[in-house]
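Residue numbers (the working numbering): 30 to 248.
Worksheet: one structure, shown below.
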């Protein structure tokens, strides 16, 4: 903290309202790429607000909050719901839509969350582990950019072990080295704060994939 905020005016506005809601503050914590950049890395801009909980929550309370929020802000909203996530799309304008995710997660948190103005903030380690599992599970350049900077603080082995404890997930290093090479599929970058080019990102992951592969051969 103490650095310039990466949050948009809309994100700040919504987070201010979230902090006034006792139910959300008692049951949810702020996590994901936006929390990672705002509180720990300050490396890129991020568009969404991700709020996770490890308790079965009341969807109607959340819906009521969003209805009241949209009414106060004089904006429309849309909702999309799955088994574990409620996605709300706040329509500030046709080209300015803020997505807020309320997510149930049974994963065990590795470290105690901190608090900022009444809202729990997920730990750096927990978000970092989520990012390595995301690389293993989906294809998004944002996750690859995030791990590029996370790797300056945690080794890949720290995060593989963290995934085992947090998510009960065994990440195969050989498979992960293949996942790293998926960086070649990207042709664009997120909006960056710290300077990083796509070619620099690709060089980094080629080297990391090679290192992981060599470790497995040595075994």
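Every residue gets a Cβ at the ideal spot worked out from N, C-alpha and C, and that includes glycine.
> Which one of 161, 128 and 230 has the shortest CA to CA distance from residue 185?
Replying inline: For the purposes of this step, residue 185 is identified with residue 156 of the chain shown, where counting begins at 1. Out of 161, 128 and 230, 161 has the C-alpha closest to the C-alpha of residue 185.
> If you pair each beta-carbon of the stretch 70-78 with each one of the stretch 111-128, do three or more pairs fall below 8 Å?
Replying inline: yes
> So residue 53 and residue 118 are in contact, right, with Cβ under 8 Å, and what is the actual spacing, rounded?
Replying inline: Translated into the one-based positions of the chain shown, residue 53 becomes position 24. Translated into the one-based positions of the chain shown, residue 118 becomes position 89. Not confirmed; about 18 Å, so no contact.
> CB-CB under 7 Å to residue 198, same chain, minus the five flanking residues each way: which ones, in chain order?
Replying inline: Taking the first residue of the chain shown as 1, we reach residue 198 at position 169. So the qualifying residues of the chain are 162 and 192.
> Under three-state DSSP, which class holds residue 198?
Replying inline: As a first step, residue 198 is located in the chain shown; it is residue number 169 there, counting from the start. Coil, per DSSP.
> Between the Cα of residue 222 and the Cα atoms of 66, 59 and 60, which residue gives the shortest distance?
Replying inline: Taking the first residue of the chain shown as position 1, residue 222 is located at position 193. Of the listed residues, the one whose Cα sits closest to residue 222 is 66.
>> Using C-beta distances below 6 Å, list every residue in its chain close to residue 109, excluding the 5 sequence neighbours before and after it, in chain order.
In response: Position 80 of the chain shown, counting from 1, holds the residue named residue 109. Excluding residues within five positions, the ones whose Cβ falls inside 6 Å are 116.
> Near residue 135, which residues of its chain fall below 7 Å by C-beta distance, leaving aside the five closest residues on each side in sequence?
Replying inline: Position 106 of the chain shown, counted from the start, is the residue given in the question as residue 135. So the qualifying residues of the chain are 83.
>> Since residue 194 and residue 139 should fall inside the 8 Å C-beta cutoff, what is the C-beta to C-beta distance between them, to a whole number of angstroms?
In response: Reading the chain shown from its first residue, position 165 is the one you call residue 194. Reading the chain shown from its first residue, position 110 is the one you call residue 139. Right, their Cβ atoms sit about 6 Å apart.
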